[in-house]
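Trainee:
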């Protein structure tokens, strides 16, 4: 367990109460991921979905283990056919959706969660600058498998960067700034509450 992440700074720290807290956090995290994936904010050139924002904040606030359990739970629920992903629908959901164009990005979510949890445990989540850098790295870790999967799926002769990267950069920059402000702000609130 990462002792230095936000989720561990509040609530019980041992025994049954800790386990209950962890189960509740995982359930709330999965719910937050599912809701955030469906939120679309009108933006140019494409709407911003808040799924990545949820991944970034949960990965940072929960730490590596709890964040990874939450992400795996979310992906399992999606694989079972529940409509929890941004673009899934009654016609295309579950493993069919996961093996489509989004598949590589979902793998990237797992990798980003591990990376952010590790960096948060080292204190990168306490200041805007380090948090912003951690989030940029996490976005790279999301995009690399996403783009590789798109290229493999549709062919490298296709405009892969125009499909899977450039339309999302403005929205991702906005989400990055929001998360870089939110997490250090929450740490400040926790510190103030303990003083």
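In the numbering used here, the protein residues as written are 10 to 204. The beta carbon of each residue, even a glycine, is placed where N, CA and C say it ideally should be.
1. In the DSSP assignment, what residue or residues form a beta bridge with residue 50?
2. From residue 69 to residue 184, what does the alpha carbon distance come to, in whole angstroms?
3. Skipping 5 residues on each side, what residues in its chain have a beta carbon closer than 7 Å to that of residue 118?
4. Tell me the rounded alpha-carbon separation between residue 51 and residue 187.
5. So residue 46 and residue 58 are in contact, right, with Cβ under 8 Å, and what is the actual spacing, rounded?
6. Put residue 13 into one of helix, strand or coil per three-state DSSP.
7. Quick one: is residue 89 buried, meaning 16 or more other Cβ sit within 10 Å of its Cβ, or exposed?
8. Which stretch, first to last residue, makes up the alpha helix (DSSP H) that contains residue 169?
9. Taking the straight line between their C-alpha atoms, what separation do you get for residue 20 and residue 116?
10. How big is the Cα-Cα spacing for residue 109 and residue 83?
11. Give the C-beta separation of residue 60 and residue 95 to the nearest angstrom, bearing in mind that I take them to be a contact with Cβ-Cβ under 8 Å.
12. Under three-state DSSP, which class holds residue 107?
13. What's the call for residue 25, buried or exposed, on a 16-neighbour Cβ count within 10 Å?
14. Between residue 103 and residue 91, what straight-line distance do the alpha-carbon atoms span, to the nearest angstrom?
15. How should residue 166 be labelled, buried or exposed, when 16 other C-beta atoms within 10 angstroms of its C-beta is the threshold for buried?
16. Count the other CB atoms, across all protein chains shown, that sit within 10 Å of the CB of residue 158; report buried if there are 16 or more and exposed otherwise.
17. Rank 101, 78, 154 by C-alpha distance to the C-alpha of residue 123 and give the top, closest one.
18. Quick one: Cα of residue 129 to Cα of residue 160, how far?
19. So residue 34 and residue 18 are supposed to be a Cβ contact under 8 Å. How far apart are they, rounded?
Mentor: Walking through what the data contain:
1. 57
2. 14 Å
3. 64, 80, 151
4. 17 Å
5. 6 Å
6. coil
7. exposed
8. 169-173
9. 31 Å
10. 17 Å
11. 5 Å
12. helix
13. exposed
14. 7 Å
15. exposed
16. buried
17. 78
18. 32 Å
19. 12 Å between Cβ atoms; not a contact.
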